[in-house]
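J.: Respectively, the protein sequence lines represent chains A and B. Just so we're aligned: the first sequence equals residues 5 to 138 in this note's numbering. Just so we're aligned: the second sequence equals residues 5 to 138 in this note's numbering. A virtual CB, placed ideally from N, CA and C, is assigned to each residue, including glycine. Remember, predicted model here, so these are calculated numbers, not experimental data.
Number of protein chains: 2
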Amino acid sequence: MLQLSKKVEYALIALRHMAMNSHGHVFTAKEIAVKYNISYELLAKVLQKLTKSGVVVSLQGMHGGYTLVKRPDQVQISYIINVIEEEKPTIAECYAEGGEDCSLFDACTIRKPLEKVQHNLNLLFEKTTLEQII
Amino acid sequence: MLQLSKKVEYALIALRHMAMNSHGHVFTAKEIAVKYNISYELLAKVLQKLTKSGVVVSLQGMHGGYTLVKRPDQVQISYIINVIEEEKPTIAECYAEGGEDCSLFDACTIRKPLEKVQHNLNLLFEKTTLEQII
DNA sequence: ATAAATACGACTGATCCGGTCTTATATTAC
DNA sequence: GTAATATAAGACCGGATCAGTCGTATTTAT
């Protein structure tokens with residue numbers, strides 16, 4: 005209930021791992037997976053998404069891997085979630101992309117008042133950056 | 005992602021409905037279900053949980069139904085979630101009951117720092133009461 | 001050429017969740 | 001005392017989601 009997905013957790017763990025160590029260092033998906041006892045394949049996919057979104061940069065081939073290229077204080081948790089889930093974190097369908105087709109939409113009486121809660125949740129995830137979890 | 009369940013939404017809609025109208029009035033599950041286009045059986049189960057937890061009182065038999073018996077400003081959203089889901093709203097397994105057996109638990113490096121986010125989420129749902137959604 | 005790494009899509013098994021159905025019980029109206 | 005109307009509660013089902021796996025292609029250093 006209300007929980008972040010494993011993928012997001014793995015992203016945060018991996019990014020934290022990179023942020024902890026010297027900038028410019030290259031980490032392989034495998035070494036991170038082993039270190040934290042995580043499914044290698046799943047972590048790899050997560051890192052690929054982070055690559056596409058520009059949070060890390062990947063080097064292919066032997067001696068390849070991933071490097072963090074953003075300052076930890078510039079990486080918001082909300083952004084990570086957005087990248088991995090491909091949608092914003094919302095407390096109800098109606099606040100998401102295309103939320104108008106929630107079955108309740110027309111009769112819904114709590115959408116307006118809960119907007120404030122959604123807004124505060126947004127703020128919470130926006131103000132929390134990678135730096136805070138180092 | 006991070007969304008409240010339909011059951012919680014239905015609870016909030018129903019409770020709001022009751023809170024809007026005069027105190028002491030008895031509402032049937034059916035009339036609420038019809039009014040908001042909600043599955044009657046599901047709503048009924050939700051109301052039964054709210055009855056067990058003392059938020060509403062039920063009257064069985066003909067002319068029966070449910071009555072709100074708590075002041076709207078005394079009913080926290082966090083409490084409703086807790087009652088309906090039978091667990092606290094958490095952003096990760098480790099913050100829930102028996103969270104120690106998350107597969108990541110020992111190697112997890114983000115539990116401690118994310119505690120603050122979890123705490124803020126708790127505050128958010130605690131400070132939001134039924135009154136705010138009327 | 002080979003080894004080691006990322007890239008990416010397809011597949012699977014388990015779990016969860018919204019919704020339904022059925023039966024029992026309580027209360028009122030007649 | 002029977003019928004009608006309500007709550008109470010448990011079992012069941014189908015679809016969706018998700019964590020995790022597998023297979024294959026591609027890139028690059030040695």
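Which complete alpha helix (DSSP H) runs does the stretch 37–123 of chain B hold, if anything under 4 residues is left out?
T.: 44–56 and 81–89
J.: Please decide whether THR84 (chain B) counts as near chain A, where near means a Cβ-Cβ distance under 9 angstroms.
T.: Translated into the one-based positions of the second sequence, residue 84 (chain B) becomes position 80. Per the sequence shown, residue 84 (chain B) should be read as Ile rather than Thr. No, because no Cβ of chain A sits closer than 9 angstroms to the Cβ of ILE84 (chain B).
J.: On the criterion of 16 or more Cβ atoms from any shown chain inside 10 Å, does GLU97 (chain B) qualify as buried, or is it exposed?
T.: To locate residue 97 (chain B), count along the second sequence from 1; it is residue 93. Buried, since its Cβ has 16 or more Cβ neighbours within 10 Å.
J.: Can you name, in chain order, every residue of its own chain whose Cβ lies under 8 angstroms from the Cβ of VAL73 (chain A), other than the five neighbours on each side?
T.: As a first step, residue 73 (chain A) is located in the first sequence; it is residue number 69 there, counting from the start. Hits under 8 angstroms: GLY58, VAL59, VAL60 and VAL61.
J.: Judging by CA-CA distance, which residue of B:LYS120, B:GLY103, B:LEU47 and B:LYS116 is the nearest neighbour of GLU13 (chain B)?
T.: Locating residue 13 (chain B) in the second sequence gives position 9, where the first residue counts as 1. Minimum Cα distance to GLU13 (chain B) is reached at B:LEU47.
J.: Under 9 angstroms, Cβ to Cβ, is there at least one residue of chain A near LYS34 (chain B)?
T.: Start at 1 with the first residue of the second sequence, and residue 34 (chain B) comes out as number 30. For LYS34 (chain B), the answer is no, since every Cβ of chain A falls outside 9 angstroms of its Cβ.
J.: Could you spell out the range, first to last residue, of the alpha helix (DSSP H) harbouring ILE17 (chain A)?
T.: Sequence index remark: in the first sequence, residue 17 (chain A) carries index 13 (1-based). Per DSSP, ILE17 (chain A) belongs to the alpha helix (DSSP H) from 10–24.
J.: Can you grab the Cα-Cα spacing for the pair GLY69 (chain B) / GLU135 (chain B), in whole Å?
T.: Looking up residue 69 (chain B) in the second sequence gives position 65. Looking up residue 135 (chain B) in the second sequence gives position 131. Going by the C-alpha atoms only, they are around 22 angstroms apart.
J.: Taking CB distances under 9 angstroms as the criterion, tell me whether SER62 (chain A) reaches chain B.
T.: Indexing the first sequence from 1 puts residue 62 (chain A) at position 58. No, SER62 (chain A) does not count as interfacial toward chain B.
J.: From the beta carbon of MET22 (chain A), is the nearest beta carbon of chain B less than 9 angstroms away?
T.: Walking along the first sequence from the start, residue 22 (chain A) turns up at place 18. It does not: the Cβ of MET22 (chain A) has no partner Cβ on chain B nearer than 9 angstroms.
J.: Does the separation of the CB atoms of THR94 (chain A) and GLN7 (chain B) fall below 9 angstroms?
T.: Here the question's residue 94 (chain A) lines up with position 90 in the first sequence. Here the question's residue 7 (chain B) lines up with position 3 in the second sequence. Yes, the Cβ-Cβ distance between THR94 (chain A) and GLN7 (chain B) is below 9 angstroms.
J.: Strictly under 9 angstroms for the Cβ-Cβ distance: is GLU89 (chain B) near chain A by that measure?
T.: Here residue 89 (chain B) is taken as the residue at index 85 of the second sequence, counted from 1. Chain A contact via Cβ: present.
J.: Quick one: what's got a C-beta closer than 6 angstroms to ASN126 (chain B)'s C-beta in the same chain, skipping five residues either side?
T.: Residue numbering aside, residue 126 (chain B) sits at position 122 when the second sequence is read from its first letter. Answer for ASN126 (chain B): no residue qualifies.
J.: Taking beta-carbon pairs under 8 angstroms, can you tell me which members of the stretch 111–123 of chain B lie near chain A?
T.: ALA111, CYS112, THR113, ILE114, PRO117, LEU118, LYS120 and VAL121
J.: Within a Cβ cutoff of 6 angstroms, which residues of the same chain sit near ILE17 (chain B), ignoring the five residues on either side of it in sequence?
T.: Working through the second sequence from its first residue, we reach residue 17 (chain B) at position 13. If we look at ILE17 (chain B) and ignore the five residues flanking it on each side, its Cβ neighbours are TYR40.
J.: Among B:VAL50, B:MET24, B:ALA33 and B:LEU128, whose alpha-carbon lies nearest the alpha-carbon of LYS10 (chain B)?
T.: To locate residue 10 (chain B), count along the second sequence from 1; it is residue 6. Minimum Cα distance to LYS10 (chain B) is reached at B:VAL50.
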